[in-house]
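> Just remember that our numbering sits 7 ahead of the position in the sequence shown, which is counted from 1.
Ideal placement from N, C-alpha and C gives every residue a C-beta, glycine not left out.
Note that this is a predicted model, so its numbers are computed, not measured.
Here you go, one structure.
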Amino acid sequence: MPDVPIVPVPTNKPDLPPEWIEAAETAAHNLGFSKTLADLSPEHWQLVLASVTDRMRLRGASLPLGWRHTLARQVGRGMEDQAAAHIVALRAKREEIAAHVAHELGLGDLAMLSPADRATVDQQTDETIEGCSHDAAEPVECSDADRTMRRLLSEHRALKELKADEANVRLAEEGEVFAPEDDA
8 MPDVPIVPVP
18 TNKPDLPPEW
28 IEAAETAAHN
38 LGFSKTLADL
48 SPEHWQLVLA
58 SVTDRMRLRG
68 ASLPLGWRHT
78 LARQVGRGME
88 DQAAAHIVAL
98 RAKREEIAAH
108 VAHELGLGDL
118 AMLSPADRAT
128 VDQQTDETIE
138 GCSHDAAEPV
148 ECSDADRTMR
158 RLLSEHRALK
168 ELKADEANVR
178 LAEEGEVFAP
188 EDDA
């Protein structure tokens with residue numbers, strides 16, 4: 008068997024071209040954010056990232072692996088901001104689902120619920136999220152949920168999967184090459 012040359016895997020990501028930062032700055036300006044990109048709240052940074060995704064796709068650019076991390080680094084944002092933003096987004100999506108559950112149960116606005124009613128809504132929300140996930144131990148038939156609930160659950164699932172994808176990207180960037188099937 009011939010010797011196969013070992014090709015090193017680069018561990019540092021090259022910077023994105025300047026038009027990525029330009030797209031982020033334009034998005035922040037158009038969204039009405041007056042702070043610098045580095046100083047935006049996690050929620051506002053997520054809105055900027057969504058806009059950059061759309062802008063770059065419209066320009067025909069492919070979205071390179073780990074571009075969000077690279078852009079955050081280039082504009083002076085720390086990784087803790089991304090992690091915090093992800094947690095905030097996941098909690099906000101759960102609150103949207105809880106609000107929909109409260110409405111379906113006829114309990115009204117979440118802010119006006121008694122502690123007992125809020126506990127009921129929280130329990131129902133957790134059961135709905137967990138039961139309608141693809142990897143649930145005992146999956147529930149969720150096709151009878153209305154369109155809004157199916158959308159909310161899909162968005163929540165996407166946020167949870169994004170967290171796993173970002174962890175995989177981070178490991179790949181650190182040179183840890185693996186297949187997700189090997190995790191079992």
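1. Would you report the Cα separation of H76 and T33, rounded to the nearest angstrom?
2. Quick check on V95: does DSSP put it in helix, strand or coil?
3. Where do the ends of the alpha helix (DSSP H) carrying V59 lie?
4. Hey, would you say A45 sits closer than 7 Å to V82, going by beta carbons?
5. For the candidate residues T155, H163, G39 and S41, whose alpha-carbon lies nearest to that of E137?
6. In terms of residue numbering, what span does the alpha helix (DSSP H) encompassing T127 cover?
7. Under three-state DSSP, which class holds V82?
8. Work out the CA separation of D133 and A126 for me, nearest whole Å.
9. Confirm, please, whether the CB-CB distance from L117 to A123 is below 7 Å.
10. D46 by DSSP, collapsed to three states: which one?
11. In this structure, does DSSP put P21 in helix, strand or coil?
12. Is it buried or exposed for R84, if we count other Cβ within 10 angstroms and need 16 for buried?
13. Here's the rule I'm using: 16 or more other beta-carbon atoms within 10 Å means buried, otherwise exposed. How should G182 be labelled?
14. Measuring CA to CA, which of R101, W27 and D129 is closest to R66?
15. Please state the DSSP three-state secondary structure of W27.
Taking the coordinates as given:
1. If you number the sequence shown from 1, residue 76 lands on position 69. If you number the sequence shown from 1, residue 33 lands on position 26. Cα to Cα, H76 sits roughly 19 Å from T33.
2. As a working mapping, residue 95 is identified with position 88 in the sequence shown. Looking at V95 - three-state DSSP - the assignment turns out to be helix.
3. Taking the first residue of the sequence shown as 1, we reach residue 59 at position 52. First-last of the alpha helix (DSSP H) with V59: P49 to L65.
4. For this step, residue 45 is matched to residue 38 along the sequence shown. For this step, residue 82 is matched to residue 75 along the sequence shown. Contact flag set, yes.
5. For the purposes of this step, residue 137 is taken as residue 130 along the sequence shown, with counting starting at 1. The shortest Cα separation from E137 among T155, H163, G39 and S41 belongs to H163.
6. Counting from one through the sequence shown, the residue named residue 127 turns up at place 120. Counting along the chain, the alpha helix (DSSP H) containing T127 begins and ends at P122 to G138.
7. On the sequence shown, position 75 is the one that residue 82 refers to. Residue state, collapsed to three classes: coil.
8. Counted from its first residue, the sequence shown places residue 126 at position 119. Counted from its first residue, the sequence shown places residue 133 at position 126. So the alpha carbons of these two residues sit roughly 11 Å apart.
9. Numbered from its first residue, the sequence shown carries residue 123 at position 116. Numbered from its first residue, the sequence shown carries residue 117 at position 110. No, the Cβ-Cβ distance between A123 and L117 is not below 7 Å.
10. Here residue 46 refers to the residue found at position 39 when the sequence shown is read from its first residue. The answer is helix: DSSP assigns D46 an H, G or I state.
11. In the sequence shown, residue 21 corresponds to position 14, counting from 1. Reduced to three states, the DSSP call for P21 is coil.
12. Position 77 of the sequence shown holds residue 84. Buried.
13. If you number the sequence shown from 1, residue 182 lands on position 175. Because G182 carries a pLDDT of 49, less than 50, the predicted location of this residue cannot be relied on, and no value is offered for it.
14. Along the sequence shown, read from residue 1 onward, the residue named residue 66 stands at position 59. The option with the nearest alpha carbon to R66 is W27.
15. Sequence index remark: in the sequence shown, residue 27 carries index 20 (1-based). W27: helix per DSSP, three-state reduction.
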